[in-house]
Amino acid sequence: MDEPSVGGTPRRGLAGATFGFFLGLGVVVVYGPAAEEFTRAMELSGVLLGLLVAAPNLIGSVLRIPVGAWADEIGPKRPFVVLLALSTLGMAGLAGLLVGFHPDGLGRRSYPLVFLFGALAGCGVGVFPIGSAQASYWYPIEKQGTALAVYGGLGNSAPGVFTVLVPISLAAVGLTTTYLLWLGVLTAGTFLYALLAVDPYYYQLLKRGVAPEHARVRAEELGQDLFPGGDTFDSIREAARLPRSWALVALYFISFGGFLALTVWLPTYWTGLHGVEPRTAGIVTAVGFVFLATGVRILGGVLSDRLGGERTSVLGFGTVALGALVMTGTQELAVAAVGMVVLAAGIGLGNAAVFQLVPHYVPEAVGGAAGLVGGVGAFGGFVVPPVLGLFVDVQGLAGYANGFVVYVVLGLTGVAIALSLKSLVDRG
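Using the working numbering, the first residue of the sequence shown is number 2, and each one after it goes up by one.
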């Protein structure tokens, strides 16, 4: 009997995963670079603005756990396409709303719909665990580091790229056309992913009716090293019982959740407090924060291997507190820029350290712990921006600077948790 045919190569698998992740994660800044326009159109308070720019993180972060389990069960491609399609649907709703009501009819009453469409567009933010599985399954164990570095490095640059491009488009063609163009990019990108992406060999064989045990043997012959483990939800439940898992969740809430929060809030900070025009604010945010934090994350991985994740975490979160303290204490643009760079470096180090710690502290449920940390921890991207907006509502312009006390507290909390990790092992 002839063996069922399979297709694809590791390079194609990695390219598809990285492209899809870039496309999906870019939507996290659907409102951040255009915050000034939406604030003016709907007369938003600081809290409402904070909720709006954070909207994509609401659904995107919550979805990370179930879609990761779904991808392990049926293969990454279909869940990936579903999330990108839902994201496109949200963007279509937003673009349609702008076509119908902007500039004259988009008032405060439109806020619930604008928020809803932004949250739905944020489904694309949830593709991270799917793409990471897609990239991992295509490569042998000895090449995992390189594959995931390419996937994470290029994919995580998307918020920075869109933070630069959106203000340029706003200045050139206006708000409505900008989102119509973004809808076009997202639609075309989703179709392109669906056309070019391919599941790893194991899942291709399962879809062709091969029994799981035979599919595994055949996939190993073709070069696949990694395969889905047992029940993902069982692993998550096992991890959720352990206090040390929740300590890692808290660290990721601060580092990656904090990264997402500032990615969408910083353009508002630069325009609102310092009077920087939106195009420049986007470039400053992208270069001085998003790209820098993403680059430092690579260095953080090296440091974590050499110094240990605990020490790297202490260094990273201490640096977050220091950078935030500088931004809290000044309304001078140059000094604030230095503070942002320091804060970005700390967040990059913290992000890298957390996932280095997962297999050391939760070896009995690594997959479940990674899902729990990635899903619940990323929710910080939704929680923090409204808190920063509250400072602006209460204190006016001074609140833009004083709000960074939140990151001082978060950074010091991260240091305390990192220092206490070893004691949590003794408690279970």
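Beta carbons: idealized from backbone N, C-alpha and C, even for Gly.
Predicted, not measured: the structure shown is a model, and the values here were computed from it.
What do you reckon, are the CB atoms on residue i and residue j nearer than 9 Å?
i: ALA262; j: GLY382; result: yes
i: VAL384; j: ALA55; result: yes
i: LEU121; j: ILE66; result: no
i: LEU439; j: VAL363; result: The chain is shown only over 2 to 429; residue 439 falls outside these bounds and no answer can be derived.
i: ALA371; j: VAL126; result: no
i: ALA345; j: LEU413; result: no
i: ILE255; j: GLY351; result: yes
i: ILE299; j: GLY154; result: yes
i: LEU484; j: ALA338; result: Because the chain in this structure spans residues 2 to 429, residue 484 falls outside the shown range and cannot be described.
i: PHE405; j: MET328; result: yes
i: TYR152; j: ALA18; result: yes
i: LEU358; j: ALA241; result: no
i: ALA72; j: ALA134; result: yes
i: PRO57; j: GLY376; result: no
Thinking residue i and residue j are a contact (beta carbons under 8 Å), I'd like their distance in whole angstroms, please.
i: PHE163; j: VAL30; result: 5 Å
i: TYR194; j: GLY8; result: Rounded, the Cβ-Cβ distance is 16 Å, inconsistent with contact.
i: GLY324; j: VAL343; result: 3 Å
i: ALA96; j: LEU184; result: 5 Å
i: GLY273; j: TYR401; result: 5 Å
i: PRO11; j: ASP200; result: No, PRO11 and ASP200 are not in contact; Cβ-Cβ is about 13 Å, not under 8 Å.
i: LEU84; j: VAL68; result: 6 Å
i: GLY369; j: THR233; result: 7 Å
i: GLY330; j: VAL416; result: Between VAL416 and GLY330 the Cβ distance is about 19 Å, and since that is not below 8 Å, they are no contact.
Tell me which same chain residues have a C-beta within less than 7 Å of the C-beta of residue i, skipping the five on either side of it?
i: ALA354; result: GLY301, SER305, GLY310, THR313, SER314, GLY317
i: SER421; result: none
i: GLY283; result: PRO34, THR164, VAL165, VAL167, PRO168, PRO268
i: GLN145; result: SER137
i: PRO213; result: LEU207
i: VAL100; result: THR177
i: GLY106; result: none
i: GLN225; result: TYR138, PRO201, TYR202, TYR203
i: MET2; result: At MET2 the pLDDT is 47, less than 50, meaning the model places this residue with poor confidence and gives no usable figure here.
i: LEU87; result: LEU121, CYS124
Looking only at its own chain, which residues have a Cβ that is under 6 Å from the Cβ of residue i, when we skip the five neighbours before and after it?
i: LEU207; result: ALA216
i: PRO387; result: VAL48, GLY51, LEU52
i: THR89; result: LEU187, THR188, THR191
Take residue i and list the residues in its own chain whose beta-carbon comes closer than 8 Å to its own, dropping the five residues that flank it on each side.
i: TYR112; result: MET43, LEU45, LEU49, LEU53
i: VAL211; result: PRO5, ARG219
Three CB pairs or more closer than 8 Å across the region 21-35 and the region 140-159: yes
Three-pair Cβ contact test at 8 Å for the region 101-116 versus the region 220-229: no
Three or more C-beta pairs below 8 Å linking the region 246-258 and the region 123-140: no
The region 163-172 contacting the region 45-55, beta-carbon criterion three pairs below 8 Å: Result no; under three Cβ-Cβ pairs closer than 8 Å.
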